[in-house]
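Here is the structure we will look at, set down as structure tokens.
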Amino acid sequence: VADVAVLGASGYAGAIAATLLYRHPFFELRHVTARSESGAVLEAIHPRTRVPLLLEDYDPDVQGEVDAALVCWPHRVSAPAVAALRERGVRVVDLSADFRLRDREVYEDWYGPHGAPELFGDAVYGLPELYRDGIPGSDLVANPGCYPTAALLALAPLARAGLIADVVIDAKSGVSGAGREPSPTTHFISADENMTPYKVERHRHTPEIEQELAVMGAALPITFTPHLVPLAQGELVSSYVTTSREVSDAELSDLYREAYEDERWVEVALGPPGVLEVRDTNYCRLSVHLDVRTGRVLVFAAIDNLWKGAASQAVQNLNLMFGRDEGEGLQ
Ligand SMILES: NC(=O)c1ccc[n+]([C@@H]2O[C@H](COP(=O)([O-])OP(=O)(O)OC[C@H]3O[C@@H](n4cnc5c(N)ncnc54)[C@H](OP(=O)(O)O)[C@@H]3O)[C@@H](O)[C@H]2O)c1
10 VADVAVLGAS
20 GYAGAIAATL
30 LYRHPFFELR
40 HVTARSESGA
50 VLEAIHPRTR
60 VPLLLEDYDP
70 DVQGEVDAAL
80 VCWPHRVSAP
90 AVAALRERGV
100 RVVDLSADFR
110 LRDREVYEDW
120 YGPHGAPELF
130 GDAVYGLPEL
140 YRDGIPGSDL
150 VANPGCYPTA
160 ALLALAPLAR
170 AGLIADVVID
180 AKSGVSGAGR
190 EPSPTTHFIS
200 ADENMTPYKV
210 ERHRHTPEIE
220 QELAVMGAAL
230 PITFTPHLVP
240 LAQGELVSSY
250 VTTSREVSDA
260 ELSDLYREAY
270 EDERWVEVAL
280 GPPGVLEVRD
290 TNYCRLSVHL
300 DVRTGRVLVF
310 AAIDNLWKGA
320 ASQAVQNLNL
330 MFGRDEGEGL
340 Q
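Here the sequence shown stands for residues 10 to 340, numbered as in the working numbering.
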């Protein structure tokens with residue numbers, strides 16, 4: 010048994026992380042924190058969690074007593090808390106963007122000054138399907154962003170085969186992607202029965218997707234446009250790829266079968282996936298198609314942004330860090 014804490018358990022991602030860890034056969038959930046709602050019981054705020062633990066104020070000397078922590082805070086406030094936990098020997102999965110980028114200048118361009126520069130570059134990028142070997146030995150795992158999770162799983166086989174000459178990534182997310190803090194665009198009145206692109210040309214997941222595509226051999230600028238859609242949870246990422254040479258249907262099927270036949274959480278479907286098929290699960294469900302008329306390859310990937318895009322992927326990473334079965338507590 011290993012003792013764990015969830016920082017930011019009153020948030021959307023943190024609440025699911027707490028739910029999964031509270032009922033996990035190996036991890037013992039010892040602490041959950043909140044800022045404004047500390048002192049309340051988690052399940053009183055989020056009844057679906059069924060976690061009867063008291064939300065505590067953050068105090069690294071209290072939550073730093075555990076073996077591992079999931080930090081479910083916003084970027085920039087996360088980094089100093091991660092540093093305080095690491096100083097106390099706590100192994101961390103950070104759900105924010107603070108440790109995902111490898112180049113500090115790129116981080117600071119998109120996010121501003123880094124809150125724990127001494128740890129910059131220490132983290133393993135926690136997409137288990139790509140970095141499984143590096144995760145067990147790591148004390149700091151940077152849990153990927155939700156859009157990068159779906160986009161990279163969709164594009165990895167093509168990137169590794171050197172087949173991406175250009176790609177347009179068109180993505181849709183439910184409203185929980187924006188977190189629990191109310192805002193005019195995510196207000197029910199604006200979001201319901203509506204659909205809008207947002208952060209056009211400047212969404213912060215752009216450099217993260219570009220970074221990881223480059224690691225796989227596809228170093229190119231991408232066009233990435235997310236849209237807000239009237240769903241609570243769920244994300245669909247559609248990628249339109251101009252290939253570097255002609256490909257056949259058979260080659261595509263082989264590429265995706267070989268990449269994912271042993272991956273328990275990635276389903277390669279024959280027809281396009283829908284978000285309901287992965288809701289409240291750790292699955293990424295995708296399909297790949299050759300558009301014979303244009304020669305473009307189309308890849309569609311669906312995930313639950315709060316699960317595979319955040320909390321359940323964090324638990325998948327934690328399982329790997331502790332040498333457990335990767336799917337423990339996620340079935
Ligand atoms: N939502 C998603 O789909 C998704 C997907 C992937 C990654 N993530 C990342 O996961 C993290 C959490 O996201 P979320 O959607 O769960 O956000 P959220 O619902 O807004 O929750 C954020 C949590 O952090 C706490 N918090 C906020 N500001 C804080 C501060 N300055 N100091 C201490 N605690 C603070 C909040 O406490 P209060 O409630 O008291 O303010 C809450 O517990 C973010 O880094 C986000 O980018 C989210």
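The C-beta atom is built at its ideal place from N, Cα and C for all residues, glycine as well.
Rounded to whole angstroms, the separation of the alpha carbons of glycine 130 and leucine 79 is 18 Å.
Remark: the shortest separation between the CB of arginine 288 and any heavy atom of ligand 1 does not fall under 8 Å. When secondary structure is reduced to three states using DSSP, alanine 77 falls in the strand class.
Shortest Cα-Cα distance from isoleucine 178 to any of Leu161, Ser192, Thr194 involves Leu161. Exclusion of threonine 194 from the 8 Å shell around ligand 1 follows from its C-beta lying no nearer than that to any non-hydrogen atom of the ligand. Taking C-beta atoms as the reference points, leucine 128 and cysteine 81 fail to come closer than 9 Å. Taken in chain order, the complete alpha helix (DSSP H) segments of 4 residues or longer contained in the segment 189 to 242 are 197 to 200, 214 to 224. Taking a C-beta distance under 9 Å as the contact criterion, alanine 24 and aspartate 103 do not qualify as a contact pair. The distance from the Cβ of proline 137 to that of leucine 329 is about 6 Å, consistent with a contact at the 8 Å cut-off. Remark: C-beta atoms of alanine 26 and leucine 62 do not approach each other more closely than 9 Å. DSSP, reduced to helix, strand and coil, places tyrosine 120 within a helical segment of the structure shown. Judged by DSSP in its simplified three-state form, tyrosine 249 adopts strand. Alanine 88 and histidine 55 do not touch by the CB rule: their CB atoms are close to 26 Å apart, not below 8 Å. With distances taken between CA atoms, aspartate 263 lies nearest to Leu167 out of Gly283, Pro281, Leu167. Boundaries of the alpha helix (DSSP H) around aspartate 70: 69 to 72. Proximity of the beta carbon of threonine 42 to ligand 1 is indicated: a heavy atom of the ligand is located closer than 8 Å.
Taking a cut-off of 8 Å on C-beta distances, the segment 232 to 245 touches the segment 180 to 199, as three or more cross pairs fall below it.
Apart from the 5 residues on each side of it in sequence, proline 145 sits with its Cβ closer than 7 Å to the Cβ of Leu329, Met330, Gly332 in its chain, given in chain order.
In the structure shown, the three-state DSSP call for glutamate 335 is coil. Residue state for alanine 132 is assigned as coil, using DSSP reduced to three classes.
In this structure, arginine 189 has its beta carbon less than 8 Å from a heavy atom of ligand 1. In this structure leucine 64 is in contact with serine 19, their Cβ atoms being roughly 6 Å apart against a cut-off of 8 Å. With a cutoff of 8 Å, histidine 33 does not count as near ligand 1, since its C-beta is closer than that to no heavy atom of the ligand. Bridge pairing for isoleucine 178: Phe233, Ser248 [DSSP].
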